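Colleague: Here it is, the structure, as structure tokens.
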Amino acid sequence: MSFAYALAGLLGLCLAWAVVRLVREARQRRALLAWLRDTASAELPDGDDAWREVFSAQRQLQKENRRDLAQLTMRLERFLKATQAIPDGVILLDADDRIEWHNRVAGEQLGIALEDDQGTLIVHLFRYPVFLSYLRRFRSGEATEDGLSLELGTPPRQFLVRLLPVANQGSLLLLRDVTDMVRTERMRVDFVANVSHELRTPVTVISGFLEQMTCDEPPQGEDAKRFLAMMSDQAGRMRRLIEDLLTLSRLEGESRLVSEDEIVMPTMIAELIEEADALSSGRHTVTCGEVEPVNLFGNPEELRSAFANLLSNAIRYTPEWGEITVRWQVHEGKPVFSVQDTGIGIASDHIPRLTERFYRVDRGRSSSSGGTGLGLAIVKHVLSRHGGCIKIDSTPGRGSTFSAMLPAERLRR
């Protein structure tokens, strides 16, 4: 019996100890949880080592998370302040092309407010087929770095619109107001065109009088003949310069190609070589290299002018008895018209600037060659309007190759 009492007493003590232990641990956990929530408290409450270790590690992790969050918040605030300060409109879009955020400038440009338009599909603001096409190309991963020119607002203003990818399949829409830049460029083009038109008449009159003086009453004396010849040459050069300025002004002023047709390239090349022979007057050997039996789709007048410019350049800068070769090939599925010469060649540091207006590698030689300094600028504009570009390979003393690279969709077989 005494054993039973002793066992019952022992069990009671164990139960009491367990209850006290549970109550104590519960109190410790409540104190530790309160300590975790109270970020100002630095003193760790009393408790068992196991609980103290767990909560201490949790507190350290909590501190690190708060520090990281504070840093991220600070960086985000800096980014937002910087974005608000830039003069371009910025709109953040989610993966579904809905507005998540925009800066002040974008709000002013488009007349939108974040509290009203957050979550709005961007296509509801840009209801333009050209923008929808641009957005589809961007989402499909096609190259869209050049952006898109759009006329927005009332009164209308010209904007350059670009889409850039960001994290989580979102995108950043940038809007730059280029109205003043476009207006200035248009004024420059109009000025060049107007001045060229005004100069054309007096130069034509002067050239006519010089020609009549030479034919009707031949000049007496060698000096008079030489002076009249020089005047006639310079008048002709001025006339060519004006014509090139007018051509360049027209190319810059037209936003798209006026007329396009299929060009029989073997026939055009034969005509160009015949004209080049006449221009060279037998001083060069102009030959036809590889000519593939394929045609080209584009503006015949513009492309003929560009190709003729490449040939005339080769004649001007190739010494007498040099060789000039014309080729028409398909390279990697794209049509290429090239002119190779054995001329003086061009140093590599000059090549990037050759298509600039009036840029001359050797000013003295270029002026005496009869060129206007606008030929390659015209070539560049013509090719650009056809979706192509110009490629220049040259070695000083050995010659150059000028290639007109055109897109595959302009090839006709």
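Residue numbering for the sequence shown follows the numbering used here, beginning at -19 and increasing consecutively. No residue lacks a Cβ here, since even glycine has one placed at the ideal position from N, Cα and C. Predicted model only: the values in this text are computed from it and were never measured.
1. Would you identify the three-state DSSP class for D97, choosing helix, strand or coil?
2. Under a three-way DSSP split, which group does R340 fall into?
3. Throw me the rounded Cβ distance for the V319 and V306 pair, which I believe falls under 8 Å.
4. For S261, name the three-state secondary structure that DSSP assigns.
5. So what does DSSP say about L90, is it helix, strand or coil?
6. Counting only runs of 4+ residues fully inside the region 96 to 149, write out the alpha helix (DSSP H) ranges in chain order.
7. Run the CB neighbour count on S364, radius 10 Å, all protein chains shown included, and call it buried at 16 or more, exposed below.
8. Look at the alpha carbon of E282 and the alpha carbon of V362, and state the distance between them as a whole number of angstroms.
9. Considering only residues of the same chain and omitting the five flanking positions on each side of P299, which have a CB-CB separation below 6 Å?
10. Whole angstroms are fine: how far does the CA of I358 sit from the CA of R390?
11. Cβ of G302 within 7 Å of Cβ of T375?
12. From S229 to R163, what does the alpha carbon distance come to, in whole angstroms?
13. Based on the DSSP output, what are the partners of C268 in its beta bridges?
14. Take the Cβ of M54 as the centre, count every other Cβ of all protein chains shown within 10 Å, and call the residue buried at 16 or more, exposed below.
15. Quick one: is K205 buried, meaning 16 or more other Cβ sit within 10 Å of its Cβ, or exposed?
16. Return the chain-ordered ranges of every beta strand (DSSP E) run that is complete within the region 347 to 375 and spans a minimum of 3 residues.
17. For Q192 and L208, what's the separation of their Cα atoms in angstroms?
18. What is the DSSP secondary structure of S285, counted as helix, strand or coil?
19. DSSP state of P315, grouped into three classes?
20. Among Y108, L386, A384 and Q149, which has the Cα closest to the Cα of V141?
21. By Cβ distance, which residues of its chain are closer than 7 Å to S129, with the 5 residues on each side in sequence left out?
22. Taking all protein chains shown into account, decide if L237 is buried (16 or more other Cβ within 10 angstroms of its Cβ) or exposed.
23. Going by Cα to Cα distance, which pick from F338, K371 and G99 is closest to G355?
Modeller: To lay it out plainly:
1. Start at 1 with the first residue of the sequence shown, and residue 97 comes out as number 117. For D97, the three-state secondary structure derived from DSSP is helix.
2. Start at 1 with the first residue of the sequence shown, and residue 340 comes out as number 360. Reduced to three states, the DSSP call for R340 is coil.
3. Walking along the sequence shown from the start, residue 319 turns up at place 339. Walking along the sequence shown from the start, residue 306 turns up at place 326. Yes, they are in contact, since the Cβ atoms of V319 and V306 sit about 6 Å apart, within 8 Å.
4. Walking along the sequence shown from the start, residue 261 turns up at place 281. In the three-state DSSP reduction, S261 falls in the coil class, being neither helix nor strand.
5. For the purposes of this step, residue 90 is taken as residue 110 along the sequence shown, with counting starting at 1. When DSSP states are grouped into helix, strand and coil, L90 belongs to the helix group.
6. Those alpha helix (DSSP H) runs which fall completely within the region 96 to 149 and span 4+ residues are 109 to 119.
7. Reading the sequence shown from its first residue, position 384 is the one you call residue 364. Around the beta carbon of S364, fewer than 16 other beta carbons sit within 10 angstroms, so the residue counts as exposed.
8. Taking the first residue of the sequence shown as position 1, residue 282 is located at position 302. Taking the first residue of the sequence shown as position 1, residue 362 is located at position 382. E282 and V362 have their C-alpha atoms some 6 Å from each other.
9. Here the question's residue 299 lines up with position 319 in the sequence shown. Excluding sequence positions up to five before and after P299, its CB lies less than 6 Å from no other CB in the same chain.
10. Position 410 of the sequence shown, counted from the first residue, corresponds to residue 390. Position 378 of the sequence shown, counted from the first residue, corresponds to residue 358. Each residue's Cα considered, the two are about 20 Å apart.
11. The residue labelled residue 302 in the question sits at position 322 within the sequence shown. The residue labelled residue 375 in the question sits at position 395 within the sequence shown. Between G302 and T375, the gap from beta carbon to beta carbon reaches 7 Å or more.
12. For the purposes of this step, residue 229 is taken as residue 249 along the sequence shown, with counting starting at 1. For the purposes of this step, residue 163 is taken as residue 183 along the sequence shown, with counting starting at 1. Each residue's Cα considered, the two are about 15 Å apart.
13. Translated into positions along the sequence shown, residue 268 becomes position 288. C268 pairs with V306.
14. Reading the sequence shown from its first residue, position 74 is the one you call residue 54. The residue in question, M54, is exposed, as its Cβ has fewer than 16 Cβ neighbours within 10 Å.
15. As a working mapping, residue 205 is identified with position 225 in the sequence shown. Taking a 10 Å sphere around the C-beta of K205, we find fewer than 16 other C-beta atoms and assign the residue as exposed.
16. The qualifying runs are 369 to 375.
17. Translated into the one-based positions of the sequence shown, residue 192 becomes position 212. Translated into the one-based positions of the sequence shown, residue 208 becomes position 228. The alpha-carbon separation between Q192 and L208 amounts to approximately 11 Å.
18. As a working mapping, residue 285 is identified with position 305 in the sequence shown. S285 falls in the helix class under three-state DSSP.
19. On the sequence shown, residue 315 is found 335 positions in, with the first residue counted as 1. P315 falls in the strand class under three-state DSSP.
20. For the purposes of this step, residue 141 is taken as residue 161 along the sequence shown, with counting starting at 1. Ranking the options by Cα distance to V141, first place goes to Y108.
21. Against the sequence shown, residue 129 aligns to sequence position 149. Once the five neighbours on either side are set aside, the close Cβ partners of S129 are Q138 and L140.
22. The count along the sequence shown starts at 1 and reaches residue 237 at position 257. With fewer than 16 other CB atoms across the displayed protein chains lying within 10 angstroms of its CB, L237 is exposed.
23. As a working note, residue 355 is residue 375 in the sequence shown. Selected option, being the one with the closest Cα: F338.
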